[in-house]
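Under the numbering used here, the residue at position 154 of the sequence shown is numbered 154, and the numbers go up by one with no gaps.
Think of the CB as a built atom: it goes at the ideal place given N, C-alpha and C, for glycine as much as any other residue.
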Amino acid sequence: MWRGAPLRWPFPPLAALQLPPRRGYKCQNIAEQISITARPRPPTPRKMAQQEFWRSGRLPANVHGDKLGPLWITVPFDAYMKLARKPHIQRKLLRLDMETEDGVRTGESIQVLTEEVFEKLPFHPRWNEDYDYVTFRRWPRKPPLLLKIPFDIINVEKCAHLKSGNYAHDMFAQGLPCLVSDVNHIPYFLEADMSKAVDGDFRVSDVVFPPGVEPKPDPRAILNQGPNLPGKSYPNFLIVRAKRIKQSK
Numbered sequence: 001m002w003r004g005a006p007l008r009w010p011f012p013p014l015a016a017l018q019l020p021p022r023r024g025y026k027c028q029n030i031a032e033q034i035s036i037t038a039r040p041r042p043p044t045p046r047k048m049a050q051q052e053f054w055r056s057g058r059l060p061a062n063v064h065g066d067k068l069g070p071l072w073i074t075v076p077f078d079a080y081m082k083l084a085r086k087p088h089i090q091r092k093l094l095r096l097d098m099e100t101e102d103g104v105r106t107g108e109s110i111q112v113l114t115e116e117v118f119e120k121l122p123f124h125p126r127w128n129e130d131y132d133y134v135t136f137r138r139w140p141r142k143p144p145l146l147l148k149i150p151f152d153i154i155n156v157e158k159c160a161h162l163k164s165g166n167y168a169h170d171m172f173a174q175g176l177p178c179l180v181s182d183v184n185h186i187p188y189f190l191e192a193d194m195s196k197a198v199d200g201d202f203r204v205s206d207v208v209f210p211p212g213v214e215p216k217p218d219p220r221a222i223l224n225q226g227p228n229l230p231g232k233s234y235p236n237f238l239i240v241r242a243k244r245i246k247q248s249k
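Now the structure itself:
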């Protein structure tokens, strides 16, 4: 027997729901930037470092980039894993609040992005605890920073070429290389709105970029795609194309 709050019927129609407008991208709110503590450690190899710090519940890591030397650190395992299990971790700006080896704050902070995480092998005694090492990139003192931004393909049902048995082929499945200059506009993803596609092709001129974000594709990936766009150093290259599924004979 239902003992909760009474159900109200009818439910409001979907058209009555106030949804936020789509901007063509989604960025991190810099006011909600997450900080975790970090402590220095000796520059030991990765396999040796993980054996030393696992027992104390810390995750070995290093920080590099911005033409500075590597910084060998550890971060709290539980605090970082809480972030790493959420999407877009490689495009979320984190603040590392430095501590001494005894846990005393030094007052120094470093803004970083997660570059790579290393998972345990299946035969590792603690492999089910996800990661055993992480590499961070410094946010540069003089931007921009080159990042790969993935695409979120939307409005597939509004593209006529995708209603006839085709599929949307993402030309930049690993992400579009972009120069990001504004720390307040680091995009989690860009949107590829297939309702704007022409003959099944969605091109870069239809992409809405956040302020301070400029595409920087590999020249080999955009060969023979026409002249450059006005005022740009790249042509109107292809982002997503509707392709027909090949049937087996």
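Discussion item. Buried or exposed for E191, going by 16 or more other Cβ atoms inside 10 Å?
Written reply: Buried, by the Cβ-count rule.
Fill in: In DSSP terms, what V204 is bridged to
The partner list for V204 (beta bridge, DSSP) is empty, contrary to what the question assumes.
Worksheet item: By Cβ distance, which residues of its chain are closer than 6 Å to A294, with the 5 residues on each side in sequence left out?
Response: The structure shown has nothing for residue 294, since the chain only spans 1 to 249.
Fill in: Below-8 Å beta-carbon distance, H64 vs any chain B residue
Structure shown: chain B not included; a single protein chain is present.
Worksheet item: Between which two residues does the alpha helix (DSSP H) harbouring F77 extend?
Response: Membership of F77 in the alpha helix (DSSP H) is indicated by the continuous run F77 to A84.
Worksheet item: In this structure, does DSSP put E101 in helix, strand or coil?
Response: DSSP places E101 outside both helix and strand once states are collapsed to three, so it counts as coil.
Discussion item. Could you tell me which whole beta strand (DSSP E) segments of length 3 or greater appear in the segment 172-196?
Written reply: Within the segment 172-196, the beta strand (DSSP E) runs of at least 3 residues that lie entirely inside it are, in chain order, 176-180 and 187-193.
Discussion item. I need the straight-line Cα distance from I73 to L146, nearest angstrom please.
Written reply: Between the alpha carbons of I73 and L146 lies a distance of about 24 Å.
Worksheet item: Would you call the CB atoms of P143 and F189 closer than 8 Å?
Response: Cβ atoms of P143 and F189: not closer than 8 Å.
Discussion item. Are the CB atoms of V134 and T114 within a distance shorter than 8 Å?
Written reply: Yes, the pair counts as a contact, with Cβ atoms nearer than the cut-off.
Worksheet item: Taking the continuous beta strand (DSSP E) assigned at E214, which residues delimit it?
Response: Looking at the DSSP string, the run of the beta strand (DSSP E) that includes E214 is V213 to P215.
Worksheet item: Are F172 and R203 touching if we call contact CB-CB under 8 Å?
Response: Remark: C-beta atoms of F172 and R203 do not approach each other more closely than 8 Å.
Worksheet item: Count the other CB atoms within 10 Å of the CB of R39; is the residue buried (16 or more) or exposed (fewer)?
Response: By the 10 Å Cβ count, R39 comes out buried.
Worksheet item: How is R55 classed by DSSP in three states: helix, strand or coil?
Response: Helix at R55.
Practice prompt. Measure the beta-carbon distance from V207 to H185 and round it to whole angstroms, keeping in mind my assumption that it falls under 8 Å.
Written response: About 14 Å; that fails the 8 Å criterion.
Practice prompt. Check R41 in the structure and name its three-state DSSP category.
Written response: If DSSP states are grouped into helix, strand and coil, R41 belongs with coil.
Worksheet item: Where R241 and G165 are concerned, what is the direct C-alpha to C-alpha distance, given to the nearest angstrom?
Response: R241 and G165: Cα-Cα distance of roughly 13 Å.
Worksheet item: Going by the beta-carbon positions, is the gap between Q50 and P43 smaller than 8 Å?
Response: Taking 8 Å as the Cβ cut-off, Q50 and P43 do not qualify as a contacting pair.
Discussion item. For a test of the three-state rule: what should DSSP assign to R253, helix, strand or coil?
Written reply: A query on residue 253 cannot be resolved here, the shown segment of the chain reaching from 1 to 249 and no further.
Discussion item. What does DSSP give as the partner residue(s) for H161 in the beta ladder?
Written reply: As DSSP reads the structure, H161 sits in no beta bridge.
Practice prompt. Kindly indicate the opening and closing residues of the beta strand (DSSP E) around H88.
Written response: First-last for H88: undefined, no H or E at that position.
Worksheet entry | Nearest candidate by alpha-carbon position, reference G57, set Q33, P211, V117 and D132 | For G57, the nearest C-alpha among the options comes from D132.
Practice prompt. Could you have a look at Q28 and say whether DSSP puts it in helix, strand or coil?
Written response: If DSSP states are grouped into helix, strand and coil, Q28 belongs with coil.
Worksheet entry | Beta carbon of R138 nearer than 8 Å to that of L68 | Taking 8 Å as the Cβ cut-off, R138 and L68 qualify as a contacting pair.
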